[in-house]
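Each step along the sequence shown adds one to the number in UniProt numbering, with nothing skipped, and position 24 is 24.
Here a beta-carbon is modelled for each residue, glycine too, at the ideal position from N, C-alpha and C.
Note that the structure is a prediction, hence the values are computed from the model and not measured.
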Amino acid sequence: MAATNNLRYHLVKWLRPPLHWTKVNTDGSFIPDSRDAAYGGVIRDNEGRFILDFAGKLGRCSITHAELWAVWHGVYLALDRGFRKVIIETDSQTLAL
Numbered sequence: 001m002a003a004t005n006n007l008r009y010h011l012v013k014w015l016r017p018p019l020h021w022t023k024v025n026t027d028g029s030f031i032p033d034s035r036d037a038a039y040g041g042v043i044r045d046n047e048g049r050f051i052l053d054f055a056g057k058l059g060r061c062s063i064t065h066a067e068l069w070a071v072w073h074g075v076y077l078a079l080d081r082g083f084r085k086v087i088i089e090t091d092s093q094t095l096a097l
């Protein structure tokens, strides 16, 4: 991590899953004042090729709920399309523990 003018940044790089695996990247969003939340994600193969994306509005809920809904929906879509070797990637520290 580096700092410039009191700003911090951290380079994030997408890593391919192993051969014959699929990766689901998910994220949730939340507006504290209104408590409105949404979720989304993308599914890619081991070459990084796009398979599908998904997104939705959840209405009023917590950020943890939004993050969890994104993971659940991504897993559901991957399994529904026949993928059985699936890696889930989320930035939620709560869900990753």
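*Same chain, Cβ closer than 8 Å to residue 48, five either side skipped, listed in chain order*: 14, 16
*Mind checking whether residue 42 and residue 50 have CB atoms under 8 Å apart?*
yes
*Return the first residue and the last residue of the beta strand (DSSP E) that residue 40 is part of.*
36-44
_Minimum C-alpha distance to residue 34 - residue among 74, 79, 61_ = 61
*Between residue 55 and residue 40, which are expected to be in contact by the criterion C-beta below 8 Å, what is the C-beta distance as a whole number of angstroms?*
4 Å
_So, for residue 22: in the same chain, excluding its five sequence neighbours on each side, which residues have a beta-carbon less than 8 Å away from its beta-carbon?_
43, 44, 45, 46, 51, 78, 83, 85, 86, 87
*Sequence-distant residues of the same chain with beta carbon closer than 7 Å to residue 114, five excluded per side*: In the structure displayed, the chain extends from 1 to 97; residue 114 sits before or after that span and is not available.
*Starting from the C-beta of residue 91, find all residues in its chain whose C-beta is less than 7 Å away, skip the five residues before and the five after it, and write them out in chain order.*
27
*Three-way DSSP call (helix, strand, coil) for residue 75 in this model*: helix
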